[in-house]
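Quick note on my numbering: the sequence shown kicks off at 1 and runs consecutively.
For glycine and all other residues, C-beta sits at the position ideal for the given N, C-alpha and C.
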Amino acid sequence: MSEQQIRRAVCPGSYDPVTLGHVDVLVRAARLYDEVVVAVLHNPAKQGTFTVEQRIGFIERSLPDEIRGRVRVEAFAGRLLVDVCRDVGAEAIVKGLRSAADFAYELPMALMNRHLTGVETVFLPGAQEFEHVSSSLVKEVARFGGDVSGLVPDEVRDAIVALRPNP
Ligand code: PNS
């Protein structure tokens, strides 16, 4: 397949850390597109917990074999998402939506990105079993002793638990 024929999408996010809800969206994006670039970006509204290198490693090791060869994970510090899409040759941004609140948060970004370069955003409905799962909620639950197994990859659960302050 020539470079021009390859249909590529970007799945952007903070991924701080990756959840099984994210992984579900990555798998489904990779079924729709030939290649997926998972773009670990900075969200100015969020303070980071894990380093960018840790986040990338967590994502890479959570990818099922089925899609691993067609998905690459990269950090793009200090970049606009639309510039990342242009540089990697992506025709679309793919994002998961868990709720109407997600839609309200995502819609202005999708419209702004389309305004800037014309890049389209494709929304995938999140899997019902992960509707309540976000990186921030998982970190909060784990911080106060709750069990987050089954919501994030096991390695991520262990890393979050290790952040717990000693009693
Ligand atoms: O997982 P998040 O934190 O909801 O993802 C938000 C993210 C990182 C995709 C968004 O903040 C972003 O695109 N940041 C890159 C800078 C940018 O392009 N900002 C303008 C968005 S319209």
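Here Asp16 is buried, its C-beta having at least 16 other C-beta atoms within 10 Å. The beta carbon of Val122 sits closer than 6 Å to those of Ala92 and Val94, all from its chain and outside the five residues before and after it, given in chain order. With 16 or more other CB atoms across the displayed protein chains lying within 10 angstroms of its CB, Tyr33 is buried. Excluding the 5 residues flanking it on each side, Arg7 has same chain C-beta neighbours closer than 7 Å at Tyr33, Asp34 and Glu91, in chain order.
When C-beta atoms of the stretch 136-151 are compared with those of the stretch 107-120, fewer than three pairs fall below 8 Å, so the two segments do not count as touching. A heavy atom of the ligand PNS is found nearer than 7 Å to the CB of Lys46.
Distance from the CA atom of Val52 to the CA atom of Val148, rounded to whole angstroms, is 22 Å.
About 6 Å separates the CB atoms of Leu26 and Val71; that is less than 8 Å, so the two are in contact. By the 16-neighbour rule on beta-carbons within 10 angstroms, Thr117 is exposed.
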